[in-house]
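Top line first, the protein sequences correspond to chains Z and S.
If you want our numbering, it's the 1-based position in the first sequence plus 10.
If you want our numbering, it's the 1-based position in the second sequence plus 425.
Scroll down for the structure; my scribbles are underneath it.
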Amino acid sequence: MNLTDFISRDAVTINLKSQGKEDVIAELVELLVETSAIDRKHKKKIVEILMAREALGSTAIGQGIAIPHGKYEGAKQLIGCLGISKKGVDFDSLDGEPAHIFFLLIAPADSAGPHLKALARISRLLKDKFIRESLKSAKDEKEMMAIIEQEDARLSAA
Amino acid sequence: MKKIQKEIQVRNPQGLHARPAALFVQIVSKYDVNVTVEKNGDRVNGKSIMGILTLGAQQNSLVGIEIEGDAADQVMQELEALLTQEET
Chain Z
11 MNLTDFISRD AVTINLKSQG KEDVIAELVE LLVETSAIDR KHKKKIVEIL MAREALGSTA
71 IGQGIAIPHG KYEGAKQLIG CLGISKKGVD FDSLDGEPAH IFFLLIAPAD SAGPHLKALA
131 RISRLLKDKF IRESLKSAKD EKEMMAIIEQ EDARLSAA
Chain S
426 MKKIQKEIQV RNPQGLHARP AALFVQIVSK YDVNVTVEKN GDRVNGKSIM GILTLGAQQN
486 SLVGIEIEGD AADQVMQELE ALLTQEET
């Protein structure tokens, strides 16, 4: 599985503006609405689902990364987006550090496998400190996507 | 230093996804132990959620757990309980 299989080209931003947990999740979901990955009428429900998941335990897994995710019956396939917050967001991370890199994932209700594969794929990418720093300091979305595509190519070749 | 290892089958229908991975790290971090998790030759630190997620351990997959430290038995017991839970 490649990252670009579930992150569409335009659903990335280097400039998340929100400061609160729910606001940043809504901002990421809005990105999916704007790129027509999801219908606007589902936005509120999806934000609720993602927040309900956060209530079970933060998806901020440390080292400045958060992976808000959830299942939505309206989703036909795994969809995701990627956002960077330069300032960082307090996301109740396990290591207490603010989250800067957000991978948001929405999976179809009846699936488990693709979701787990995507988490594994994202984790393999972000384990690399150099990649984390490159994403955080990318100057625009094009540069972010170039990093992602390069890594896809590197990991598929490995 | 005590060192034990065991193969455990993941029972969680969702596999070793984000929440169980976080719980796994929470258990390990309570004790003064070193834990290594292995699947298909990949070995990761049991204190890293990201490391554990990279394994992509699905339901019914086998993971090898290696624990080093005085509390090894206790930690193994708790980790086994976590991985063999049908629901998390």
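Each residue gets a CB set at the ideal place from its N, CA and C atoms; glycine is no exception.
Note that the structure is predicted; figures quoted are calculated from it, not measured.
Neighbour list for residue i in chain Z, Cβ cutoff strictly below 7 angstroms
i	result
alanine 497 of chain S	Here the premise fails: no neighbours, minimum Cβ distance about 23 angstroms.
Within chain S, the residues that residue i reaches when beta carbons sit closer than 8 angstroms
i	result
arginine 134 of chain Z	Thr479
CB contact flag (residue i, residue j, <8 angstroms)
i	j	result
glycine 200 of chain Z	phenylalanine 16 of chain Z	Missing from the structure shown is residue 200 of chain Z; chain Z here goes from 11 to 168 and no further.
serine 28 of chain Z	glutamate 37 of chain Z	yes
phenylalanine 101 of chain Z	isoleucine 77 of chain Z	no
isoleucine 490 of chain S	valine 462 of chain S	yes
isoleucine 116 of chain Z	glycine 80 of chain Z	yes
glutamate 107 of chain Z	glycine 74 of chain Z	yes
alanine 130 of chain Z	leucine 480 of chain S	yes
valine 34 of chain Z	serine 95 of chain Z	yes
leucine 41 of chain Z	threonine 23 of chain Z	yes
lysine 431 of chain S	valine 453 of chain S	no
Residue-level contact to chain Z via CB, residue i, 8 angstroms cutoff
i	result
arginine 468 of chain S	no
methionine 501 of chain S	no
glycine 440 of chain S	yes
alanine 447 of chain S	yes
Per DSSP, the bridge partner or partners of residue i
i	result
threonine 23 of chain Z	Z:Gly93
tyrosine 82 of chain Z	Z:Pro118
glutamate 432 of chain S	S:Gly489
aspartate 467 of chain S	S:Lys464
glycine 72 of chain Z	Z:Ile75
phenylalanine 112 of chain Z	Z:Ala76, Z:Gly93
Neighbouring residues, chain S, relative to residue i (Cβ below 9 angstroms)
i	result
lysine 31 of chain Z	Neighbours of lysine 31 of chain Z on chain S: none; closest Cβ ~16 angstroms, over 9 angstroms.
glycine 72 of chain Z	Val450, Ser473, Ile474, Met475
alanine 130 of chain Z	Leu478, Thr479, Leu480, Gly481, Ala482
isoleucine 77 of chain Z	Ala443, Leu478
Rounded distance between the beta-carbons of residue j and residue i, thought under 8 angstroms
i	j	result
methionine 11 of chain Z	lysine 127 of chain Z	5 angstroms
serine 475 of chain S	serine 133 of chain Z	A small fix is needed here, since residue 475 of chain S is methionine in this sequence, not serine. Contact holds; Cβ gap of about 4 angstroms.
aspartate 162 of chain Z	leucine 13 of chain Z	5 angstroms
Chain-ordered neighbours of residue i on chain Z, where CB pairs are closer than 8 angstroms
i	result
glutamine 483 of chain S	Ala122, Gly123, Leu126
CB contact below 8 angstroms: residue i versus chain S
i	result
glutamine 87 of chain Z	no
leucine 104 of chain Z	yes
histidine 52 of chain Z	no
histidine 110 of chain Z	no
lysine 137 of chain Z	yes
Residues that residue i contacts on chain Z, provided the C-beta gap is smaller than 9 angstroms
i	result
arginine 444 of chain S	Arg63, Leu66, Gly67, Thr69
Proximal residues of chain S, C-beta to C-beta of residue i below 7 angstroms
i	result
leucine 165 of chain Z	Those within 7 angstroms of leucine 165 of chain Z in chain S number zero; the least Cβ separation is about 11 angstroms.
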